[in-house]
Every structure is written in structure tokens, then in C-alpha cells.
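Visitor:
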Amino acid sequence: MKNKYSDNKLAEEYDCIILTKPQSNLPVGSLGTLVSSYTRTDKPLYAEFTCADGTSAIAPLSLEDFRVLNTRNQNDLRLLLSFITHSRV
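If you read the sequence shown in the working numbering, its first letter stands for residue 1017, the second for the next number, and so on.
Structural data, given as C-alpha cells:
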């Protein structure tokens, strides 16, 4: 069954994602939020990431650069909870 957790073409704005390839000085494993999910062959997706120094960065992504985190999956939920509890606000 295709869904946004198995097919990035179905990802939506505000989905939490994890990078599977390094992008724009962000390492693999960086967590972010899609801010633009409009997909066409000539347009990338964009995601916002919080950097270690507290700044944010918006990076263009291709469909192969990330996966959507599933809050019903315990491993993904642990990643999100760890990020939230260790983030500086």
C-alpha cells in the first residue's frame, strides 16, 4: 500500500522528515519539516532544519534525500521525542 511513509511523492507540507543523504551542510539523520511539498521534475521540495547553533536552515531536497517520519512507528517516535527533549528553545 502506497502512503507517504513508503513513497516520498505523497509527502505533505509540515511532515516531519529525516535526511537519508547529506544536503546543504546538513548531515544524514538531520530532522526537519517539509515547508514546500510541490513536486515536479523542475522543482525541488524544501525543508526547514534547526541547526546546532539555534539558527534554522531551509534546504532544497529531491525525493531520494529524505523519508517521512511515522509517529506510529516506535523508532521514529523515539527520534522525534529525543529531538524535542534535547532541543534548545
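For every residue, glycine included, the Cβ atom is placed at its ideal position computed from N, Cα and C. No experiment lies behind these values; they were computed from the predicted model shown.
Which residues in the same chain have their Cβ closer than 7 Å to the Cβ of D1107, if we skip the five residues on either side of it in sequence?
Guide: Any property of residue 1107 remains undetermined from this structure, which presents the chain solely from 1017 to 1105.
Visitor: A1068 and L1077 - do their beta-carbons sit closer together than 9 Å?
Guide: Against the sequence shown, residue 1077 aligns to sequence position 61. Against the sequence shown, residue 1068 aligns to sequence position 52. No; because the gap between Cβ atoms is not below 9 Å, this pair is not in contact.
Visitor: If you follow the alpha helix (DSSP H) that T1049 is in, where does it begin and where does it stop?
Guide: For this step, residue 1049 is matched to residue 33 along the sequence shown. Where T1049 is concerned, there is no enclosing alpha helix (DSSP H), although the beta strand (DSSP E) it sits in stretches over L1047 to S1052.
Visitor: Would you kindly work out how many angstroms separate the C-alpha atoms of F1099 and L1042, rounded to a whole number?
Guide: Counting from 1 along the sequence shown, the entry for residue 1099 is found at position 83. Counting from 1 along the sequence shown, the entry for residue 1042 is found at position 26. Distance between the alpha carbons of F1099 and L1042 is about 15 Å.
Visitor: Report all residues from its chain with a CB closer than 7 Å to the CB of L1026; omit the five preceding and five following residues, and keep chain order.
Guide: For the purposes of this step, residue 1026 is identified with residue 10 of the sequence shown, where counting begins at 1. Same-chain partners within the cutoff: K1018, N1019 and K1020.
Visitor: Could you give the DSSP three-state label for R1094: helix, strand or coil?
Guide: Within the sequence shown, the letter at position 78 stands for residue 1094. Helix, per DSSP.
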